[in-house]
Amino acid sequence: GENVEQHPSTLSVQEGDSAVIKCTYSDSASNYFPWYKQELGKRPQLIIDIRSNVGEKKDQRIAVTLNKTAKHFSLHITETQPEDSAVYFCAASINYGQNFVFGPGTRLSVLP
Amino acid sequence: KAGVTQTPRYLIKTRGQQVTLSCSPISGHRSVSWYQQTPGQGLQFLFEYFSETQRNKGNFPGRFSGRQFSNSRSEMNVSTLELGDSALYLCASSLMGDTDTQYFGPGTRLTVL
């Protein structure tokens, strides 16, 4: 079955700097890759996603890149702010949304 | 539109008991997925229901079961509770399941004593 690895497990950056989180997946049939942000005590919230027919997607300060050949995708956050501090989860799915497999999460801390 | 709701929000049970959790998806959503979240194992997929049928299943023992009703509301049942079942149980709904975006509910925090 699918296996998703995520690195780093923790990341601290200074406010205003960029943060990059990388995930690798094992099943080449995976075709949908969402990223979720989970603040302490709250539910995961979808922040951006990408499908396998697209190499990059951007939404304001957040971007995701996908390398299908290498089977990895990355989340890029620019101009980080303290409110970006949270745990970020990547996920991979076959059939565009069925049977998600999540990465273990990255705890991002943005230091003022 | 109202979001995904889950009841109850908190639950305390003892070993050997059984528990039923409920999830109401966003109106119009037909796919409901269930996840278990623990500090050690992260987010793990339990199962997905679509049109009252279990369409996908994760690697959990048969003690974990679910169902979906004609109005797309879903329930999850755990029988013979074990200490290791203590977790946050999240459900997520999407329109069809095969059109990606899932929206999570607030979760039910289950504590097994």
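Going down the list, the protein sequences come from chains H and D. With the numbering used here, the residue at position 87 of the first sequence is 97, and numbering never jumps. With the numbering used here, the residue at position 13 of the second sequence is 970, and numbering never jumps. Don't be surprised by glycine CBs; every beta carbon is placed ideally from N, CA and C.
Beta-carbon contacts of residue i that lie in its chain and below 7 Å, excluding the five residues immediately before and after
i: Lys32 (chain H); result: His17, His82, Ser84
i: Gly1064 (chain D); result: Gln963, Leu1045, Tyr1046, Leu1047
i: Leu1038 (chain D); result: Lys970, Arg972, Gly973, Gln974, Gln975, Val976, Val1069
i: Asp1042 (chain D); result: Val1035, Leu1067, Val1069
Beta-carbon contacts of residue i that lie in its chain and below 8 Å, excluding the five residues immediately before and after
i: Ser1027 (chain D); result: Glu1009
i: Arg966 (chain D); result: Pro1063, Gly1064, Thr1065, Arg1066
i: Pro122 (chain H); result: Glu25, Pro92
i: Thr1056 (chain D); result: Confidence in Thr1056 (chain D) is poor, its pLDDT being 49 and thus under 50, which makes the residue's placement too unreliable to answer from.
Cutoff 8 Å: residue i Cβ touching any chain D Cβ
i: Phe83 (chain H); result: no
i: Pro54 (chain H); result: yes
i: Pro114 (chain H); result: yes
i: Val74 (chain H); result: no
i: Val111 (chain H); result: yes
CA-to-CA distance, residue j to residue i, given in whole angstroms
i: Val23 (chain H); j: Gly1015 (chain D); result: 35 Å
i: Asn41 (chain H); j: Ser103 (chain H); result: 6 Å
i: Val120 (chain H); j: Ser28 (chain H); result: 10 Å
i: Ser1051 (chain D); j: Cys980 (chain D); result: 13 Å
i: Glu12 (chain H); j: Gln963 (chain D); result: 28 Å
i: Leu1003 (chain D); j: Gln993 (chain D); result: 7 Å
i: Ala80 (chain H); j: Tyr35 (chain H); result: 9 Å
i: Asp59 (chain H); j: Leu76 (chain H); result: 10 Å
i: Ile57 (chain H); j: Asp69 (chain H); result: 9 Å
i: Pro114 (chain H); j: Thr90 (chain H); result: 22 Å
i: Lys47 (chain H); j: Pro54 (chain H); result: 5 Å
i: Val30 (chain H); j: Leu118 (chain H); result: 10 Å
Chain H within 8 Å of residue i, Cβ atoms only
i: Glu1005 (chain D); result: yes
i: Gln1025 (chain D); result: no
i: Gln1059 (chain D); result: yes
i: Asn1034 (chain D); result: no
Residue range of the beta strand (DSSP E) that includes residue i
i: Ala101 (chain H); result: 96-104
i: Asn1028 (chain D); result: Note, Asn1028 (chain D): premise wrong, no beta strand (DSSP E); not H, not E.
i: Pro18 (chain H); result: No beta strand (DSSP E) holds Pro18 (chain H); DSSP gives it neither H nor E.
i: Val961 (chain D); result: Element bounds for Val961 (chain D): n/a, residue is neither H nor E.
i: Ile87 (chain H); result: 82-87
Distance cut-off 7 Å: residue i Cβ against heavy atoms of the ligand FAD
i: Leu1003 (chain D); result: Questions concerning the ligand FAD fall outside what the structure shown contains, since it holds no ligand whatsoever.
Integer Cβ distance of residue i from residue j, believed to fall under 8 Å
i: Tyr1060 (chain D); j: Val989 (chain D); result: No, Tyr1060 (chain D) and Val989 (chain D) are not in contact; Cβ-Cβ is about 11 Å, not under 8 Å.
i: Thr116 (chain H); j: Ser19 (chain H); result: 6 Å
i: Gly1019 (chain D); j: Glu1032 (chain D); result: No, Gly1019 (chain D) and Glu1032 (chain D) are not in contact; Cβ-Cβ is about 16 Å, not under 8 Å.
i: Val74 (chain H); j: Trp45 (chain H); result: 6 Å
Cβ neighbours of residue i in the same chain (closer than 6 Å, five flanking residues each side left out)
i: Phe110 (chain H); result: Ala101, Ser103
i: Glu49 (chain H); result: Ala96
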